[in-house]
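Residue numbers (my numbering), protein chains in the order written: chain G, 232 to 1028; chain X, 2 to 228.
Note that beta-carbon positions come from the ideal geometry of N, C-alpha and C, so glycine has one too.
Below is one structure, written out as structure tokens, with a few remarks after it.
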Amino acid sequence: MNRRRFLKMSAATAMAMAAFSLDGLPPKGGLFRVGQALARTNYGPANGSMGAKEITSVCEMCFWRCPIVTKVRNGKLIKIEGNPKSPVNGQRVCARGNSGIQLLYDPDRIKYPMKRVGARGEGKWAKISWDEALEEIAHNMNKVKKKYGPHALAYFDHGASAENLREVFMAMGTENYTSEPAFFQCVGPAALAYLETVGYIATGTRQYNDMPHAKAMLLVGSHIGENVHVSHVREFIEGLAAGSKLVVVDPRFSVAAGKADIHLSIRPGTDTALLLAWINYVIQNNLYHKEFVANTCQGFADLKKEVKGYSLEWAAEICDLKIADMKAAIEMLAKASPHVMIHPGRHSTWYGKGDVGRHQSYAILSALFGAVGVPGGLYFPTPVKVGHIDCVEEKSKTVAPVEVSLKEDSAYPFSAAFGTVTADIIKAINTSKPYPIRLLGVNGVNIMQTIPDPYETMKAIKKLDFIFCEEMMAGETALWSDIILPDAIYLERYDGVYAYEGLTPYITVRQPALPPMYEAKPPYWIAKNLARHLKIDGFPLPDAKALVNHDLEAVNLSINKLNKQGGIISLPANPYRTPENLKIATDSGKIKLSVAAFEDEDLDAIPKFQPAPAPPKGYARLIYGRCPVHTFSRTMNNLWLNHEVPENKLWLNDEIARQLKIKNDETVVLENQSGKRSNPIKVLVTPGIRPDAVYMTHGFGSKSPHLSRAYGKGAADGYMMTNTVEDPFMGATSKRTNFVRIVKNKSILDIPEIIPVPAAIPKFKLRKLAADRQKAGVRPQYASTGDFSIQERRGGE
Amino acid sequence: MRQYAMIIDLTRCVGCHACALACRAEWDIPAQDGYRRNWVRNLGPAKTSHGLSFTAYPGLCNHCDKPACVPVCPADKIKKTFTEPKTGKTKTMTVAATWKNPFDGTVQIDKTRCLGCGACADACPYGARYVNTNIANKNLDGDGIADKCTFCKPRVEAGLRPACVQTCITDARIFGWRDEPKIADYIKKGAIRMESAQVQTGPNVYYYGHPKDLELLTKTSTPQEMP
């Protein structure tokens, strides 16, 4: 008898004894067959997924959208693989791509249109019909428009589901439709910096960074590898495998740092000091590409003058780095010029002030090294032509005139081109200034975990006349919605045509593996039918399949033709330029080392170092990032992904942990600078984080009990973000301007200041903030009842 | 005898778990505690004698030269004839419900004859096997059925790569014959087996990487004694 059988028998005996003692009779089914009633003989698929029916498509487990093959057997989706004909990922998909199956079959999916029956945020709904749901939305959109004007309607959107419905909002005449958290809470500052400096958005949804051919790379805060977009990670690893050097600047020891030649564990909030000191060093030591700078750049003399004061010695104190390390790193990068990848990053809404300047500094370094339009540098996208048809004709999408526009008259000179500032919409809802916003449509974005401050968002939602969402899972946004529309998931629908303009351009399409389950409907159907209820003319095509075929027809393709070629066609790339044919798309035709357009708006033409306030006494800065197994706050309920990584951990510096007597895997709660407390979170004690910062992966700690696996697991960084600083350029909201201390066994532990902060960096003023918040009428405790109840319940465990 | 082997190149691995999930999908493995053929444990960041390391332990059955799991199987012994696919050469051996294939070196299970007693799972120093108690061979009065990585034998025989190798987003996994250059070269340049003084089963999954990463892997994950 082995251990397992022995244990099993002991357990069975104990149960049997219990049964005897209760009714005096032996249990039915025999002593050793306890728990075997469910047994079935199923050896699993003998040949795995081989031989299943294959349909090519496009992933949407994240926005990177890798070409995939879906494999269906007996009407069930059994496997997702990369499309072997894809030049970017081949047969590879990441953890999330593999787990799309469990999004499709998640029992917590929203199955029917639903109407709220409890209070907003309570998550009580009743099933209604599609007709009722769409009629109620249409009725409320018309009513709000009639009473408050078209701009009282606003739309928060992200991803492939959001596009068709956006046109419906546009047809209503509102200006508040591209308010994407993907821009104002993520890529905004980086996108603007590159657009104004090199004339195109070198980092946006796509990243035109030639890592495979780089001889040296610099990552500042970018944690490629933990942040997984398959082709991007592949390009990074290919570059390293081919011998590229790597410098990583990060207060945390990331996976990328683990592969770096030099890791600079920088004081958070001081990156621009390092970058400006490096720019100065490159200029002073003649390490720049003189020919490229002379022929292609403008503003060099101004730049040279402006950065002159930023020495490595000065930066060493500000950044808490060693001069020798900083010097070795910049020399390593300069040596590789022009084949050097100064990675532009993407998520850039860090500190509010100085975010544009930081990304401008990367772009300036790329330009100084001549690393634009050359192998290993920033490259140019290759335009890929496909057709386009408006769902609603352009002339029917006129923005209604308005006396004071929230979008055009924004306090931020560079926001309007990208949409209405997200934070301004929340403010307008809460203050009715410059005009009331009374109705919100939300599609494909969890506004609670994405937009800081979530307590302000909750307050705003309570003020709305109406809020609806189009969603797949009943997450936090659904909790707060009056009507929920069940969205078909990406495996159940056609969408647009996907054209990739990177190093290996291609055209592919998303097509369904299976028809939608339950009463879910594809986004095109939803938008088309809502338009019908609103009596908006448009949506001339019967469905999304027809739309895809229409867009393919313009390039003499069709879904059938594509499918005959493996679902994808590759096109030639044109990423590089010779000096003769290098054309910069700025108004002057030059790369702008100094941006006059910024100066015209009383902003810095050349970045200046503006220190982000350091943590107040007793607190550490909360920083956050990605985990390769999850996307934003979207995948935490996925059976397989949850099983793999069910919760996040709080990275705590080992010396701090020693002083506070906190052990690895111990559970703590965080309290931020305004008294907001987190869900309990386990601690990872590690030397891989600075003592003045703590880190967690984003998106955990869901407050929706309708996500049975994700609910309350781990802590949410978003709920700790109550202090935001708006970027003066485009109003993006900062996310690294929050500080936490640790609560263990109900007592508050101050985080000791191990590394002194130089006088040049002000400390965040704690009291002032609390006073401000009280003046503004915000209680310095839990602002929402929902939040409070979860805290209480979990606190009592 | 030729031996199938795998290299896991930690210089390329980012610890993303794609391998573990492709395996789960390919073989329809229930998402229950401990039920997996393939796993990733993220290690660190932690101090090593070569500086900080933040790496991963991507694990699977090692298809050992001297598998500890095979001799402990209490199932009735039968005569089984193995055929080499290429040459048609055959070899007959007496086996229980699990064995080491004489032509490719993979360790396999006959699920129709497994008693689910867990002896093999208990014997493996790497914890590479689990017993699925949702299913059982009722005719044998079984308690469950053991499962583990097969090196994707059916796929490999059909000319495909193992599911974990195919999905690996950075091509960190290399599968083939142990004497093929793509594997042998890695062994020559220092890929290690996760062996210790007490555990010498001859694992055929090799790990290649920076010394700091191999040090952390070995320190945290190499079994120090036989179970």
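In the DSSP annotation of this structure, the continuous segment of the beta strand (DSSP E) that includes I146/X starts and ends at I146 to D148.
Identification of residues in the stretch 22-45 of chain X having a C-beta nearer than 7 angstroms to some C-beta of chain G yields L22, A23, R25, A26, E27, W28, D29, A32 and G45, given in sequence order.
When the five nearest sequence neighbours on each side are left out, the beta carbons in the same chain lying within less than 6 angstroms of the beta carbon of Y950/G are those of P685, in order along the chain. Of the candidates F863/G, T817/G and N805/G, N805/G places its Cα closest to the Cα of D441/G. Judged by DSSP in its simplified three-state form, P381/G adopts helix. Boundaries of the beta strand (DSSP E) harbouring F83/X: I79 to T84, taken from the DSSP string. The three-state reading of DSSP puts S288/G in strand, counting E and B together. The count of Cβ pairs closer than 8 angstroms, one atom from the stretch 325-344 of chain G and one from the stretch 862-874 of chain G, reaches three, so the stretches are in contact.
Burial is judged here by how many other beta carbons sit within 10 angstroms of a residue's own beta carbon; Y749/G has fewer than 16 and is exposed.
Remark: C-beta atoms of V418/G and S579/G approach each other more closely than 8 angstroms. Counting only runs of at least 4 residues, the stretch 808-891 of chain G fully encloses the following alpha helix (DSSP H) elements, listed from N- to C-terminal order: 827-831, 870-875 and 885-891. Taken through DSSP and simplified to helix, strand or coil, Q529/G comes out as strand. Taking 3 residues as the shortest admissible run, the stretch 454-524 of chain G contains the following complete beta strand (DSSP E) segments, listed from N- to C-terminal end: 476-480 and 493-495. Closer than 8 angstroms to the CB of F55/X there is at least one CB belonging to chain G. For T735/G, there is no enclosing alpha helix (DSSP H), as DSSP gives it neither H nor E. In the structure shown, the three-state DSSP call for D123/X is helix. Taking the Cα positions, K994/G is about 26 angstroms away from K892/G. Note on geometry: alpha-carbon atoms of Y593/G and H781/G lie some 41 angstroms from one another. When rounded, the separation of the alpha-carbon atoms in P736/G and E226/X is 52 angstroms. Per DSSP, reduced to three states, the secondary structure at N787/G is coil, with no helix or strand assignment.
For the options K694/G, A445/G and T503/G, the alpha carbon positioned closest to that of A659/G is the one of K694/G. Following the DSSP letters along the chain, one finds V429/G inside the alpha helix (DSSP H) bounded by residues G419 to V429. Less than 8 angstroms separates the beta-carbon of I714/G from that of E367/G.
Burial state of E687/G is buried, judged by a 10 Å Cβ sphere holding 16 or more other Cβ atoms. In this structure, the straight-line span from the alpha carbon of S392/G to that of G275/G is close to 35 angstroms. The C-beta of Q109/X has 16 or more other C-beta atoms within 10 Å across all chains shown, which makes the residue buried. Counting only runs of 3+ residues, the beta strand (DSSP E) found wholly inside the stretch 310-372 of chain G occupies 345-347 and 356-358, in chain order. Within the stretch 488-520 of chain G, contact with chain X at the beta-carbon level (separation under 9 angstroms) is assigned to A488, G489, K490 and H494. C-alpha of I554/G to C-alpha of H494/G: approximately 13 angstroms in a straight line. Inter-residue distance for R724/G and E291/G is about 11 angstroms (C-alpha atoms, whole angstroms). Chain X has no Cβ within less than 8 angstroms of the Cβ of V479/G. Of all residues in the stretch 860-888 of chain G, those with a C-beta nearer than 7 angstroms to a C-beta of chain X are V860, L870, W871, H874 and E875, reading in chain order.
Taking C-alpha positions only, K792/G is separated from V786/G by approximately 11 angstroms. CA-to-CA, the gap between A775/G and E522/G works out to about 51 angstroms. Shown here, Y731/G sits in a strand according to DSSP, grouped into three states. Comparing C-alpha distances from L938/G to each of L506/G, N903/G and S864/G shows the shortest one belongs to S864/G.
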